[in-house]
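The structure under discussion appears below in the form of structure tokens.
Protein chains in written order, with the working numbering: chain A, 8 to 122; chain B, 176 to 290.
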């Protein structure tokens, strides 16, 4: 079982609709969760992070975390063509021990917003 | 605030040749990471530094890879000799600390092609 799993896509969403990206993780001790956006040929860009169960909203982005289900998601409202990119889910353990500090990434979901 | 700086952005070398990558983290960030990203995959950690100390190098192939961060700021990652399978993007990231509340920010990366 992969440590962090994402549907590789591609996920196609009409412009203006809600894009929903999902991620599951295997380590119940994981404490910190991140979403990075990566445009083709570019490096990952941090767009959201969440540490507690529930929802966290930032502009058009909402991150949702359910630790009991080991599930984290990213919702993008009013999707724009500029949101077309690969979205990487990343998970980190607890504390500063070297093993728990490691950021483990999924393979990413490729999102395409259709005008 | 300036972001993580990396150079070179692109490098093409023949197999068995040495290569080095340079990284300057965000000012004030004591924690520095080197990641490797293969096409279609998420980044994978190679090594993490806390100031000058390499606190997690468990994923670094030590037979050919080496890294240093002599003064706790800039870092260099070296491969000698390079192999065809080393072709990838090498990403440097930094954070203000470790543990919850500290996010990692990536540089633009160095795309290495080994022929």
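The beta-carbon is built from N, C-alpha and C at its ideal position, and this holds for glycine as well. These numbers come from a predicted model, not from an experiment.
Buried/exposed call for residue i, threshold 16 Cβ in 10 Å
| i | result |
| --- | --- |
| residue 288(B) | exposed |
| residue 130(B) | With chain B covering 176 to 290 only, the question about residue 130(B) has no answer from this structure. |
| residue 117(A) | buried |
| residue 192(B) | exposed |
| residue 207(B) | buried |
| residue 261(B) | buried |
| residue 39(A) | buried |
| residue 95(A) | buried |
| residue 115(A) | buried |
| residue 84(A) | exposed |
| residue 259(B) | exposed |
| residue 90(A) | buried |
Within-9 Å CB hit, residue i to chain A
| i | result |
| --- | --- |
| residue 288(B) | no |
| residue 245(B) | no |
| residue 240(B) | no |
| residue 180(B) | no |
| residue 224(B) | no |
| residue 248(B) | no |
| residue 231(B) | yes |
CB contact check: residue i to chain C, cutoff 9 Å
| i | result |
| --- | --- |
| residue 50(A) | The structure shown contains no chain C; the protein chains it does contain are A and B. |
9 Å Cβ cutoff, residue i in contact with chain B
| i | result |
| --- | --- |
| residue 58(A) | yes |
| residue 64(A) | no |
| residue 113(A) | yes |
| residue 53(A) | yes |
| residue 105(A) | With a pLDDT of 46 at residue 105(A), under the threshold of 50, the predicted position of this residue should be treated as unreliable, though the coordinate-derived value follows. With 9 Å as the cut-off, residue 105(A) counts as an interface residue toward chain B. |
| residue 11(A) | yes |
| residue 108(A) | yes |
Any non-hydrogen atom of the ligand MN closer than 8 Å to residue i Cβ
| i | result |
| --- | --- |
| residue 268(B) | Inclusion of the ligand MN in the displayed structure is not the case, the ligand content being empty and no account of it being possible. |
message: Please identify, using Cβ separations under 9 Å, the residues of the segment 189-206 of chain B that lie next to chain A, in order along the chain.
response: 206
task: Report yes or no: do the segment 187-206 of chain B and the segment 265-279 of chain B share at least 3 C-beta pairs separated by less than 8 Å?
output: yes
field: Under 9 Å (Cβ pairs) to chain A, residues found in the segment 206-219 of chain B
entry: 206, 208, 210, 212, 215, 216, 217, 218 and 219
- prompt: Can we say the segment 13-22 of chain A touches the segment 37-53 of chain A, given the rule of at least three CB pairs closer than 8 Å?
  reply: no
Stretch pair the segment 182-198 of chain B + the segment 68-78 of chain A: three plus CB contacts closer than 8 Å: no
query: With contact counted as at least three CB pairs below 8 Å, one residue from each stretch, are the segment 239-248 of chain B and the segment 212-229 of chain B in contact?
result: yes
query: Got a sec: which bits of the segment 266-287 of chain B sit with their beta carbon under 7 Å from any beta carbon on chain A, in order along the chain?
result: 266, 273, 274, 275, 278, 279, 280, 281, 282, 283 and 284
In chain order, each alpha helix (DSSP H) run of at least 4 residues that lies wholly inside the segment 215-253 of chain B: none
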